[in-house]
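One rule links them: number in my numbering = place in the sequence shown (from 1) + 470. Backbone N, C-alpha and C fix where the C-beta goes; we use that ideal spot for every residue, glycine too.
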Amino acid sequence: MTNNDLGEFLRAHRARLHPDDVGLASYGRRRVPGLRREEVAVLAGMNSDYYARLEQGRERGPSPQILDAISGALRLDDGAREHLYRLAETAPDRRPAPAEHTDADLRRLLDGYAHTPAFVLNPALDFLTANSLAEALFSPFERVDNLARMIFLDPAGRPFHARWHRAAESAVAALREASGLAPHYPRLRDLVRGLTAASDEFAALWSSHTVQGKSRDRKELVHPQVGPLSLAYQTFDVRGAPGQQLVIYHAEPGSPAAHALALLGTLDATRRAAGRTA
């Protein structure tokens, strides 16, 4: 995060739009992609100098009406609009700091999901706890510590994710959303700084300012032991543990992915049993 996240966010979303996208005539030579500041100001019905000051970080505390107008001008979806409000700090942030430890009862609950991978993440996408099938699922990675690091920096990331670019975009968008929800979270700042330095692809996606927090979607994975896995997932907020999310992967009953998960569970149980008797 930087001292002018609001300005960077506005510039990134302005660059995505062409005059044709918003019903404006295109005129003159354009030195940069997207809309000009003056065009955004016209669409939002505001003074162009005021909008320029917002982008430059020289104007603070825009009203909700101003933010609504900018959201409409930039064609922001609901998630991006909420993120814009957080960046503008239109209301004091009273959210507690993210919880970094999982409750013992929650860990026992995860162990009860014997036939489906389940794990808990913090806002920085660190793994806080996982059941045995989740550990088996992510076993191709050198270490199971942070979902974004595993996608971008671990050698197993690309072969494991059949749609790597989609997984990468989703992870960065989730981190972007978290940066608005917990703007002063040291762990998230450190993670973003490290990944930006280590991965040009992460840096490019982070600079796009795409915001997206998903509660459900699909993952297309390839595990070296059991092959392709097409899994749906659901994400749930953990009550009483600020910032924590419980993620559950599941396969359609009777599908090849369900059989592959069952096989992976059997292989993992056999391995663990052998380890105990060795």
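> Do you know offhand how far A702's Cα is from A727's?
Replying inline: For the purposes of this step, residue 702 is taken as the residue at position 232 of the sequence shown. For the purposes of this step, residue 727 is taken as the residue at position 257 of the sequence shown. Roughly 10 Å between the two C-alpha positions.
>> Need the endpoints of the alpha helix (DSSP H) that L513 sits in, please.
In response: Start at 1 with the first residue of the sequence shown, and residue 513 comes out as number 43. In the DSSP assignment, L513 falls within the alpha helix (DSSP H) that extends over 507-514.
> Can you list, in chain order, the stretches of the alpha helix (DSSP H) that have 4 or more residues and sit fully within the segment 528-612?
Replying inline: 534-543, 548-558, 574-581, 602-607
> Less than 8 Å separating the beta-carbons of A638 and L675?
Replying inline: Taking the sequence shown and counting its residues from 1, one reaches residue 638 at position 168. Taking the sequence shown and counting its residues from 1, one reaches residue 675 at position 205. Taking 8 Å as the Cβ cut-off, A638 and L675 qualify as a contacting pair.
> Quick one: what's F706 bridged to in DSSP?
Replying inline: Sequence index remark: in the sequence shown, residue 706 carries index 236 (1-based). Beta-bridge pairing links F706 to L716.
>> Please classify P562 as buried or exposed, where buried requires at least 16 other C-beta atoms within 10 Å of its C-beta.
In response: If you number the sequence shown from 1, residue 562 lands on position 92. Confidence at P562 is low in this model, with a pLDDT of 46, below 50, so its placement is unreliable and no value can be given for it.
> Between L476 and H679, what straight-line distance do the alpha-carbon atoms span, to the nearest angstrom?
Replying inline: Your numbering for residue 476 matches position 6 in the sequence shown. Your numbering for residue 679 matches position 209 in the sequence shown. Answer to the nearest angstrom: the Cα atoms are 10 Å apart.
> In three-state DSSP terms, what is P749?
Replying inline: Here the chain has residues from 471 to 748 only, and residue 749 is not among them.
>> Going by C-alpha to C-alpha distance, which of A569, L603, D575, A652 sits closest to Y583?
In response: Translated into the one-based positions of the sequence shown, residue 583 becomes position 113. Distances from the alpha-carbon of Y583 to those of A569, L603, D575, A652 put L603 closest.
> Would you say A569 and Q682 are within 8 Å of each other, going by their C-beta atoms?
Replying inline: Here residue 569 corresponds to residue number 99 of the sequence shown, with the count starting at 1. Here residue 682 corresponds to residue number 212 of the sequence shown, with the count starting at 1. In this structure, Q682 does not lie closer than 8 Å to A569 by Cβ.
> What is the DSSP secondary structure of L691, reduced to helix, strand or coil?
Replying inline: Residue 691 sits at position 221 when you count from the first residue of the sequence shown. If DSSP states are grouped into helix, strand and coil, L691 belongs with the strands.
>> For Y520 and E509, which I take to be in contact (beta-carbon distance under 8 Å), what is that distance rounded to the nearest angstrom?
In response: In the sequence shown, the residue the question calls residue 520 occupies position 50. In the sequence shown, the residue the question calls residue 509 occupies position 39. So it is not a contact: roughly 14 Å between Cβ atoms.
> How do the segment 736-743 and the segment 704-719 stand: do at least 3 beta-carbon pairs fall below 8 Å, yes or no?
Replying inline: no
>> In whole angstroms, give me the CA-to-CA distance for G504 and G527.
In response: Translated into positions along the sequence shown, residue 504 becomes position 34. Translated into positions along the sequence shown, residue 527 becomes position 57. When rounded, the distance between both Cα atoms is 20 Å.
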